[in-house]
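So the structure is just underneath, and the comments pick up after that.
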Amino acid sequence: HEFQPMKSKIIESDNIANVLITIRTPDVYPRAHKVLQYVLAIPISMASNERLFSKLKIVKNYLRTNMSDQRLFYLMLCAIEKDYRDELNLYDLAKYWAKMKDRRIELP
1 HEFQPMKSKI
11 IESDNIANVL
21 ITIRTPDVYP
31 RAHKVLQYVL
41 AIPISMASNE
51 RLFSKLKIVK
61 NYLRTNMSDQ
71 RLFYLMLCAI
81 EKDYRDELNL
91 YDLAKYWAKM
101 KDRRIELP
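Position 80 of the sequence shown, counting from 1, maps to 80 under the UniProt record's numbering, and the rest follow consecutively.
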């Protein structure tokens, strides 16, 4: 079996990077190389992807009008970056907005 010699390398090695460098060479361990390719392609967490799609669903359900892609992008950004948004002081933002002469600003 090709995985037996690799098992001893993993046990003896104090650094997993050295083991990965050995596995990256497809000539030495072709099956292990294939497994490594699959493992590296798997997302770390499917929950983060699912959360993004659930946020998109919430935003789109909330506004069922014909909105532009740019508006949808900014609404998604607000929904996704909730932690950052919660840190903002809305009172200071409202005061700043009230002092502005031209309140229409061009978003990038």
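Idealized CB from N, CA, C, for every residue including glycine. This structure is a prediction, so every number in the text was calculated from the model and none was measured.
Original post:
Is it true that the CB of Ala79 sits closer than 7 Å to the CB of Lys55?
Top reply: yes
Subject >> Rounded distance between the beta-carbons of Leu75 and Val59, thought under 8 Å >> reply: 5 Å
Original post:
Taking the alpha helix (DSSP H) that Leu90 falls in, what are its first and last residues?
Top reply: Leu90 to Lys99
**OP:** Would you kindly work out how many angstroms separate the C-alpha atoms of Tyr96 and Leu72, rounded to a whole number?
**Re:** 25 Å
Original post:
Roughly how many angstroms separate the alpha carbons of Arg104 and Ala98, rounded to a whole number?
Top reply: 12 Å
Subject >> Opening and closing residue of the alpha helix (DSSP H) in which Asp69 lies >> reply: Asp69 to Ile80
Subject >> Reference Arg51, options Glu81, Asn15, Glu12 and Arg85, closest by Cα >> reply: Glu81
Subject >> Collapsed DSSP secondary structure at Glu106 in the structure displayed >> reply: coil
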